[in-house]
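Residue numbers (the UniProt record's numbering), protein chains in the order written: chain A, 1 to 165; chain B, 1 to 165.
All C-beta atoms, glycine included, are put in the ideal place defined by N, C-alpha and C.
Note that the structure is predicted; figures quoted are calculated from it, not measured.
Here is the structure we will look at.
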DNA sequence: GGTGGGTAGTTGAGATCTCAACTACCTCGG
DNA sequence: CCGAGGTAGTTGAGATCTCAACTACCCACC
């Protein structure tokens, strides 16, 4: 884009390069990670993340809304995903404690087994594509930087329910 | 995940944190960027990127395969996307020069106008969510790091056609 | 000069995602 | 109590994406 119209703070060449590197790098990374999952695992990356969250939760159980927020999924998308995973027996819904609107999602034994079977392949892929590609201090920088980015986006969408519609 | 099974090089706590920061940060960022596009622009982020590529190409024209590779899209997805954009008059297909299998995609005048109308809002969002959030040297680091990540993923998928099926 | 193997792009059906209702519940003020 | 307004989750229809054929073409070798 030529920067003819003024009063818009265009990006300079370096910013442009860096931003595009981010755009392209994440696209390629998530694409390659997805390909690795397709090739050797029975779970998409999204399903895997969902199971991981549950496996870390007390009682292997989490409220739908907590899952949605944590996984950066819309409520609707989570509903559909959980429905599919429930049909496969990986996960089950149970009504929540006090609030009768709430629904809990619980990891089943089968789900745990599937997760454990998938974990090595997943971790190998994350190493191959990310962790082992960077110097330790680069990985740490990436972590710090991405936290800042998370923060800014979170702030922008607070109040809104982009991922909670 | 507890790391009981051995012989898999699990991530240590720091690596885990950094990797998850990347995962969550990109998800939140692209979600927020998409929301910004929805709110003020007539183009999704993907459509915007496609128009940008064309606008930078000689003759505002690019081969489908080049577009697909550059945008990290499968051939099939690009076909569908271009079909929809062509129906909106943003872009047009024309048969390529020497190779009669090839198809060129060209930016139309309308497409250029729409792109120019969208650019300020897009750039503002990228600033707000990324560029202005980071110190200049952080943005530069991010760029370098993401280039390395791109490289690793590209290497992994070379030969394969994950994004060219 | 034709045949085998590759490349470019498309197609359509099924899977997934989005968006806007919609149900059911909670909460709080009056 | 009851009603208004908010929250949790679901639903279904339409949009989009994926995957596996499929068409058309190029190339190189015999």
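The stretch 9-71 of chain B contains, as complete alpha helix (DSSP H) runs of 4+ residues, the segments 13-40, 45-56 and 64-71 (chain order). For residue 156 of chain B, DSSP records no beta bridge to any residue. Per DSSP, residue 135 of chain A lies in no beta strand (DSSP E) segment and is marked neither H nor E.
According to the DSSP secondary-structure assignment, residue 95 of chain A is paired through a beta bridge with A:103. Counting C-beta pairs closer than 8 Å gives three or more between the stretch 73-92 of chain B and the stretch 40-55 of chain B, which meets the contact rule. Distance from the CA atom of residue 82 of chain A to the CA atom of residue 60 of chain B, rounded to whole angstroms, is 44 Å. Residues of chain B whose Cβ lies closer than 9 Å to the Cβ of residue 24 of chain A are, in chain order, 70, 71, 72, 146, 147 and 150. Contact check between the stretch 132-147 of chain A and the stretch 78-95 of chain A: fewer than three CB pairs, one atom from each, fall below 8 Å, which does not count as touching. Separation of residue 66 of chain B and residue 105 of chain A (C-alpha to C-alpha, rounded to the nearest whole angstrom) is 43 Å. Rounded to the nearest whole angstrom, the CA to CA distance from residue 91 of chain B to residue 108 of chain B is 5 Å.
For the pair residue 102 of chain B and residue 53 of chain B, the Cα-to-Cα distance works out to about 18 Å. For residue 83 of chain A, the uninterrupted alpha helix (DSSP H) run begins and ends at 75-87, by DSSP. Rounded to whole angstroms, residue 119 of chain B and residue 55 of chain B show a C-alpha spacing of 12 Å. Remark: three or more beta-carbon pairs, one from each stretch, lie closer than 8 Å, so the stretch 139-155 of chain A and the stretch 23-30 of chain B are flagged as touching. Between residue 78 of chain A and residue 87 of chain A, the C-beta gap is not smaller than 8 Å, which leaves the two residues out of contact.
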